[in-house]
Structure formats: C-alpha cells, structure tokens
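Residue 452 in numbering that gives the first Met the number 0 is what sits at position 453 of the sequence shown, and the numbering runs on without skipping anything. Glycine included, each C-beta is placed from N, C-alpha and C at the ideal position. Owing to the predicted nature of the structure, the values given are computational and were not obtained by experimental measurement. To keep things clear, I will list the structure first and then write my remarks on it.
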Amino acid sequence: MESSTDKEVKLKESQLMTDSRTAASGYNYDIGSGSAYSGNGGATFSQTPSIVSTERVDPVKAKPSEIIIVGTAHVSEKSVNEVTSAIENEKPDIVAVELCQGRYDSLKGEVKDSDLPIKDILSGGKIYYFLVHLLLAYVQKKIGNEMGVQPGAEMITAIDVAEANGAKVALVDRDIQLTLQRFWSKMSIFEKFNMLVALVSSALGIGGSKNIDIDNITDQDMVTTLINELRKASPNAATVLIDERDAYIAGNLLRLANGGNKKIIAVLGAGHKQGVERYLKDPKSLPPVSSLTELPQKRFSFMKIIGIGIVGIALATFILLIMSGTPIDKLLLAFGWWFIINGVLSAMGAALAKGHPYSVITAFSVAWLTSLNPMMAAGWFAGLMEAKQRSPTTADLKEMIKLESFKELQKNNFFRVVFVAALANVGSTIGTFIGIGVMMEITGLNPIDIIREGLIAIGL
C-alpha cells in the first residue's frame, strides 16, 4: 500500500483507461453519503485525452473525492460565465474537460502547419466521415457566429481559469478520430444519408428550424428531448456519440478521483451530464474500456455487396458476350460506351468540384477500370492528383472551418481535394449503373439472349 508521501505520478490517459470495472471497484466513491454532487452550469461540446497529474493518497487517511459536474451548452455565453464562476468559487484540484488531445491542441492553436496525409484521408472510406466531421464543425461554427460565441469557448475558459487558479487540467474525452470511425462504421446507409442531408441543409440554411434557446439547452427536459430526437433519427449515432462517451468520460473521472482527497470539476456538454452521473452512481455498470476504444473492423457492408454485384454483372456481361459469339466490332462498341460513360460522368464530378484539369483527366482515364474493381475508386486517383497540384496543409484545414460561404470553401486547397475526390466517386458510381444499360441498348443486345447463348456455349 502506498503512503500519502509517495511521489506525484503522471498518468497518461491510456494508463488511466485500463479497465473501467477494475478501477471503479477500487474507488471509494460514495454518492449516497453526499461525497459527490452535481452543479448546474453551461458550456460547449468537445473531445480527446492528455497527461494528467494525480496524487496517490493513503486510503486510510483519504476523504472521498468530490466530483462536480457542470453541464454546458455548445455555444452559449451563459455557459462560459457559469464555468468561470464554478471554478473560481469551488477552487478544485482538477478541472476535467470534455476534450481529447487533438481537439485541445486545435483550440489552443498548438497544431503546427504541415502537409496533410491525403492518402490516408482518401483511402478506406475515410473521406466520407472526414466530410461529416467538417460539416459538423461548420454547422457548430455557424451557430456560434449567430450567438456571438466561439465554439469551444467554455472549454478554453475552463482551461484558462483552471491554470490561473493553480488547478490541474485533465482531458477526459475519447479521441475524436476514433469516435468518428466508430460513428461512421456503426451507422446504417439510411442513417448516413439522413444525417448528410440534415447537415448539408443546416450548413446551407435550407429548410425550417426549431426555435431553440441555446442558453436553455442545459435544462434537463430540453436535453432529454433533444437526445430522444437523436435516438429516433439515428439510434446507432446516439450510441456512439452519447452513450459510449458517457461511459468513457465517467471511467476517466473515476480514475482521477481514485485515492480520495480531491475536488474535481468536470465541464461536460449537457447531453452527457445525466449519463455520466448514472455511471458515477453505479461504477460497476461501466463497460470494459476495450469495448469503447477498439477500432471498428472492416465489414462487408450492404453497399459493398451492391457494388460487387454491379461489377459482377458487368464482367459477366462481357464474358457472355464473348462466349455467345458476339462479333468483335460489337464487343469493341460495348467497351467503348462503358469507357466513355464512366469516364465522362466521373470527370464531370471532378469538374463540378472545380478540380484541376489534370484531376479531371485522371478521373476520366481511370473510371472505367475502377468501376470494375470494388477495391478501387476513381475519386482516390483524382483526389491524389488534385493534392499533388495544390499541396494542402493543416493551415488550409484550419482556414476552412473559418470560412463563411460555399464560394469561399471552393477556394480552399484542402476542401477542393476532398470535394474533387467525393464528386468523382459519385460520378463513377452513377456511370456504372448507366453504363450497363446503355451498353446493352446501343449494341442492340438482349441480356436474356446473351445469357442463354453464353450458357449454351459453355454446355449448360
């Protein structure tokens, strides 16, 4: 057993988050005795982890640690003021914020300008959840502008006031990239479509919106209503964005409080307050941290099945054309239309995104082949070519979040790369659908006759 004279130890989040069940069971947190309470408050949404200093105390001499949860709204001046007041009045030992290391660095302006890993972003379907991340940030900034408050202002305030008062700062949220990967992989195709439509509509100011008083979002009835609406619209999104992070944050708070003799203020979005409190009251209900931090395994999605099916039909058509004794001139004509339709539509997508001429040419050149290979995408090649021409950096990424209009976005190097890749992919996908039909129509070939003759030719 370590005594109270043991030296102060620094624990990284990875050390703090070993196994929620184990840490919780060893923690002398007793909410029933009034050792912990929740304060009302207001603030914003954020994400990721950092280095935290915590002192190990002799359990015999320790008093139960005190955890004060300040629930905040995303973009509210009222929340900023309440966070400041809570920290200055309570004089905590630790201020825990709903941030991860990456988000913290971004808010503090500590992200160095460097070349972006475009290959990583464009591969493995990451481009789509990256676009979602950008849309979310853009919509949040738009709301912040309307409210006159910078997104994340309450988190910055919490950090600044904590440091001014000599309190340690702990970043207790899950890494934003991990959250986005789990978020995107768990959503159904219909949830993804609905969410993208909603985000684009919000970004462009399209459609009606409910009149919600941001300052009242910390009211529990309002929070419950908004969360229930999210669960109805996208249950999988609610699980990843709310439930999993509630458990992750609660586990980190319990670890910070372990050993006793600490006063901790946790600055969390109002949507997490109730869930985190529930875990603090019953630490043994926390899931193993491994279930919250493992990267999603690549799965055979419904869209991949459709894509492979289309590719299979196209290849089967060419094979059956050959097996049925179709004249070579018709085969060349069929291939020509396949090449042109896929190439033109993919190139149109790149051109609509105002891609560099080389990117448009690249999309046109590779679309016919990538349509026949579900492991490749025309947009990857077009996007890489665009990146080669524009060399986007993290400075472009930071600038993009600040831009006010779509016209300004199109001048941003990073957005242009992602937009070219996305629209080239969309064009190629549409071209695959249309190409098969047009190919059959132009050549005057009947698919049923081709299949019958092909099967006869191979002796079936």
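Cα-Cα separation, Met399 to Ser358: 21 Å
Val275: first and last residue of the uninterrupted alpha helix (DSSP H) it sits in: Ala269 to Lys280
CB-CB length for Ala376 against Asn424, believed under 8 Å: Sure, about 5 Å apart at Cβ, within 8 Å.
For Gly348, the first and last residue of its enclosing alpha helix (DSSP H): Ile327 to Leu351
Cβ neighbours of Gly434 in the same chain (closer than 8 Å, five flanking residues each side left out): Ala313, Trp336, Trp337, Ile340, Asn341 and Ser370
Rounded straight-line distance, which links the Cα of Phe182 to that of Glu385: 28 Å
Where the beta strand (DSSP E) containing Glu65 begins and where it ends: Glu65 to Thr71
Exposure of Gly426, with buried meaning 16 or more beta-carbon neighbours within 10 Å: buried
C-beta contact flag for Gly70 and Leu106 at 8 Å: no
Cβ-Cβ distance between Ala333 and Leu285 below 8 Å: no
Enclosing beta strand (DSSP E) for Val359 [first to last residue]: Element bounds for Val359: not the beta strand (DSSP E) but the alpha helix (DSSP H), Pro356 to Thr369.
Under the three-state DSSP convention, the category Leu170 falls into: strand
Where Lys376 falls: helix, strand or coil (DSSP): Correcting the residue identity first, residue 376 is Ala in this sequence and not Lys. In this structure, Ala376 counts as coil in the three-state DSSP scheme.
For Val94, the first and last residue of its enclosing beta strand (DSSP E): Ile93 to Val96
Pairwise C-alpha distance: Ala381 and Ser390: 14 Å
Buried versus exposed call for Gln409 [16 or more other C-beta atoms within 10 Å across all chains shown]: exposed
Bridge partners - Lys262, DSSP secondary structure assignment: Glu65
Close beta carbons around Tyr247, own chain, < 6 Å, minus the five adjacent residues each side: Within the same chain, and ignoring the five residues on either side of Tyr247 in sequence, the residues whose Cβ sits closer than 6 Å to its Cβ are Arg173 and Leu291.
8 Å Cβ cutoff met for Gln100 and Leu170: Going by C-beta atoms, Gln100 is nearer than 8 Å to Leu170.
Residue interval of the alpha helix (DSSP H) (run including Ile158): Ala152 to Ala163
Nonlocal neighbours in the same chain, by C-beta distance under 7 Å from Glu89, ignoring five residues either side: Ile67, Lys262 and Ile264
Whole-Å CB distance - Gly259 paired with Ser64, under 8 Å assumed: 5 Å
Limits of the unbroken alpha helix (DSSP H) element including Asp245: Arg244 to Ala256
Local conformation of Glu293 per DSSP, three classes: coil
Residue burial classification, Ser24 (beta-carbon count within 10 angstroms, cutoff 16): Unreliable placement is indicated for Ser24, whose pLDDT of 30 sits below 50; the coordinate value is still reported in the next sentence. Per the 10 Å Cβ criterion, exposed.
Spatial distance of Asp281 from Lys387 (CA atoms): Rounded to whole angstroms, the gap between the alpha carbons of Asp281 and Lys387 is 53 Å.
Where Phe418 falls, given that 16 or more other Cβ within 10 Å makes a residue buried: buried
Assigned exposure category for Pro196 - 16 Cβ within 10 Å defines buried: It should be noted that the sequence gives Val, not Pro, for residue 196. Result: exposed.
Span of the alpha helix (DSSP H) around Lys406: Phe405 to Leu408
Minimum C-alpha distance to Gln180 - residue among Ala232, Ala236, Asp159 and Ser364: Shortest Cα-Cα distance from Gln180 to any of Ala232, Ala236, Asp159 and Ser364 involves Ala236.
Residues near Lys185 by beta carbon distance below 6 Å, same chain, minus five either side: Asn235 and Val239
Per-residue DSSP class, three states only, for Val416: helix
Euclidean distance between Cα positions of Lys191 and Gly436: 28 Å
Residue environment, Ser78, which counts as buried when at least 16 other CB atoms sit within 10 Å: In the assembly as shown, Ser78 is a buried residue. Its beta-carbon has 16 or more other beta-carbons within 10 Å.
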